[in-house]
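Protein chains in written order, with numbering that gives the first Met the number 0: chain A, 0 to 139; chain B, 0 to 139. What follows is one structure encoded as structure tokens, with my remarks underneath.
There are 2 protein chains.
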Amino acid sequence: MAAKDLYHNAVVGALKNDGWTITADPLVIGYFSRDVLIDIGAEQLTFSAEKNKEKIAVEVKTFGNPSPVTDLQKAMGQYDMYELVLAEFDPERTIYLAVSAKVYTEGIFSERLGKLVVEKRKMRLIIVDVEEAKIVQWIK
Amino acid sequence: MAAKDLYHNAVVGALKNDGWTITADPLVIGYFSRDVLIDIGAEQLTFSAEKNKEKIAVEVKTFGNPSPVTDLQKAMGQYDMYELVLAEFDPERTIYLAVSAKVYTEGIFSERLGKLVVEKRKMRLIIVDVEEAKIVQWIK
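Okay, here's the thing in structure tokens:
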């Protein structure tokens, strides 16, 4: 299986294991003449008295290219565009980037450049154990 | 000549025609273990009494890929990363994205999605007439 599909399936599984319902795969948002595609849409009942639904959109990034800097730029651009489009059309849905625990702890996110981006841009991340299909950490 | 080089040379020429001195091509910023490369660094004396130098970094985007949405995401990510890195290491230098007049008036920037991104992200653009190597417009 291609790394992209492997990661995608692992994130879907990890979200399900965490109690999320997958509602879109992919999540397609029509923005005037353009379709904007985000990998996964998911929902979960919150534990508040109002029984509100929490809604997220998740972009899965494998960081498999030779240049992790280029991969990071690509991820930043997608995250940013999806956040802007969601704010217009689905303001209650929050964008997350899903990355593997390995990429997060040993890859570009463990370096100063990755840390700068996550901190300054206040990026929301879901860290996933790909082998176990489990969420290791939410960074909000 | 590849479109990328053609655009690059046109932007360099347009900046020179506008009175800028090209000081780096590319501009390399070492960020700890990583090198971050921006296409062009340029400087110009301002007309203020203090004779300050205005410093810019320019990333040239051809928007030649089949998916302009992907191109836009890539450009957003680069712009964003360069802005963050410059803020740390060269805070007096301002990042710009250079695009052709054709891309700006007929491409993704003329669509709602492109306008949303430029407006919400307050992106700075240099619009260049590629054939004439002239700056048509600064968007600040």
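We put the CB at the ideal spot given by N, CA and C, even for glycine. From a predicted model like this one, the values you see are computed outputs, not experimental measurements.
With a threshold of 16 other beta carbon atoms within 10 Å, A:Arg111 falls short and is exposed. Counting along the chain, the unbroken beta strand (DSSP E) around A:Thr20 starts and ends at 20–23. When the alpha-carbon of B:Val117 is set against those of A:Tyr95, A:Asp79, A:Ser109, the nearest one is in A:Asp79.
In the pairwise beta carbon analysis, the region 25–40 of chain A is classified as touching the region 49–64 of chain A: at least three pairs are separated by under 8 Å.
A:Arg123 sits in coil when the DSSP states are folded into three classes, being neither helix nor strand. The secondary-structure analysis by DSSP pairs B:Glu118 with nothing; it has no beta-bridge partner.
With distances taken between CA atoms, B:Ala100 lies nearest to B:Glu130 out of B:Leu71, B:Asp4, B:Glu130. Against chain B, the CB of A:Gly63 has no partner CB under 8 Å away; the residue lies outside that interface. When C-alpha distances from B:Leu83 are compared across A:Glu53, A:Lys114, A:Pro67, A:Asp4, the shortest belongs to A:Lys114. Comparing alpha-carbon positions, the option among B:His7, B:Ala13, B:Gln72 lying closest to B:Pro25 turns out to be B:His7. At a cut-off of 8 Å between beta carbons, B:Ser109 makes no contact with chain A.
For B:Leu112, the closest Cβ of chain A is nearer than 8 Å.
Under the Cβ distance rule, A:Ala74 counts among the residues neighbouring chain B, one pair being separated by less than 8 Å.
If you ignore the 5 residues before and after A:Gly18, its C-beta comes within less than 7 Å of the C-beta of Gln43, all in its own chain and listed in chain order.
Residues of chain A whose Cβ lies closer than 9 Å to the Cβ of B:Asp38 do not exist; the shortest such Cβ separation is about 13 Å.
Taking a 10 Å sphere around the C-beta of A:Lys121, we find fewer than 16 other C-beta atoms and assign the residue as exposed. In this structure, the CA atom of B:Val68 is about 38 Å from the CA atom of B:Asn51. Uninterrupted alpha helix (DSSP H) stretches at least 4 residues long and entirely within the region 18–101 of chain A occur at 67–88, given in chain order. By the neighbour-count definition (other C-beta atoms within 10 Å, threshold 16), A:Phe88 is an exposed residue. One thing to note: B:Ala41 has its Cβ within 8 Å of the Cβ of B:Leu14.
Residue range 2–16 is occupied by the alpha helix (DSSP H) that includes B:Val11. With contacts defined by Cβ atoms closer than 8 Å, B:Gly76 and A:Met75 form a contacting pair. Identification of chain B residues near A:Asp89 by a Cβ-Cβ cut-off of 9 Å yields none; the smallest Cβ-Cβ distance measures about 14 Å. A:Ser32 belongs to the set of residues whose beta carbon lies under 8 Å from a beta carbon in chain B. For chain B, the residues of the region 113–127 of chain A that bring a beta carbon within less than 8 Å of one of its beta carbons are Leu115, Val116, Lys119, Arg120, in chain order.
Taking 7 Å as the cut-off between beta carbons, none of the residues of the region 91–105 of chain B comes near chain A. Taking the CA atoms as reference points, A:Ile138 sits about 15 Å from A:Val10. In the assembly as shown, A:Ala97 is a buried residue. Its beta-carbon has 16 or more other beta-carbons within 10 Å.
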